[in-house]
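Heads up, the thing below is written out as structure tokens.
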Amino acid sequence: MTGCNSNKFLLKNTSRFTFEAFYKVTPAAIREGNSFALVTLEFANPDELRDIELLGIYFKEKYAVLKVKDSVNYQASIILPKDGERTDEKIPFEIQSNEIVISFKKSGKQQYELYKIKQKNYFETTPR
Numbered sequence: 007m008t009g010c011n012s013n014k015f016l017l018k019n020t021s022r023f024t025f026e027a028f029y030k031v032t033p034a035a036i037r038e039g040n041s042f043a044l045v046t047l048e049f050a051n052p053d054e055l056r057d058i059e060l061l062g063i064y065f066k067e068k069y070a071v072l073k074v075k076d077s078v079n080y081q082a083s084i085i086l087p088k089d090g091e092r093t094d095e096k097i098p099f100e101i102q103s104n105e106i107v108i109s110f111k112k113s114g115k116q117q118y119e120l121y122k123i124k125q126k127n128y129f130e131t132t133p134r
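Per the numbering used here, the very first residue in the sequence shown carries number 7; after that it's consecutive.
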């Protein structure tokens, strides 16, 4: 699935999942380093995930595998390019900077759905 035609496989404006999607950017520790985005999906109802295998997300021109944090929270880390740096990685969808595509399997069939995502301040939910 490459190019614009892959967008036809992308389901938009569905309500299959009820969740909050957000990301936090952690700046690079050194000037030459990369910052990264920690993407979190907080599902409202774990029953929605029954018979579904969450695989990963497409975000900011990258793909990352989703990891289970607990029964309703999934996370993925994405290394962000440095300012002005281009990425050679090509994703099969055209998405905006405030969108993610969730890749999942249902009944053995791989599916893709588009959702909005918001950025949270790194210190907003960090314990003090």
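We put the CB at the ideal spot given by N, CA and C, even for glycine.
For clarity, every value in this text was computed on a predicted model and none was experimentally measured.
Quick one: give me the first and last residue of the beta strand (DSSP E) that residue i is part of.
i, result
"Ser113", "Element bounds for Ser113: n/a, residue is neither H nor E."
"Phe25", "Phe25 to Thr32"
With burial defined as no fewer than 16 other Cβ atoms inside 10 Å of the residue's Cβ, what is the status of residue i: buried or exposed?
i, result
"Leu86", "buried"
"Thr24", "exposed"
"Leu72", "buried"
"Ala50", "exposed"
"Val45", "buried"
If we ignore side chains and look at the alpha-carbon of each, how far apart do residue i and residue j end up?
i, j, result
"Lys124", "Ala82", "15 Å"
"Lys30", "Ser113", "32 Å"
"Ile108", "Pro98", "12 Å"
"Ala34", "Ser41", "4 Å"
"Asp76", "Ile106", "21 Å"
"Lys96", "Glu67", "7 Å"
"Glu26", "Ala43", "16 Å"
"Leu61", "Leu55", "12 Å"
Going by DSSP in three states, residue i sits in which element: helix, strand or coil?
i, result
"Asp53", "helix"
"Phe99", "coil"
"Phe15", "helix"
"Leu86", "coil"
"Gly62", "strand"
"Ala70", "strand"
Looking at residue j and residue i, is the spacing between their C-beta atoms short of 7 Å?
i, j, result
"Ile36", "Phe65", "no"
"Leu47", "Tyr69", "no"
"Glu59", "Lys111", "yes"
"Glu2", "Leu17", "Residue 2 cannot be examined here, being either before or after the span of the chain that is shown, 7 to 134."
"Lys122", "Asn104", "yes"
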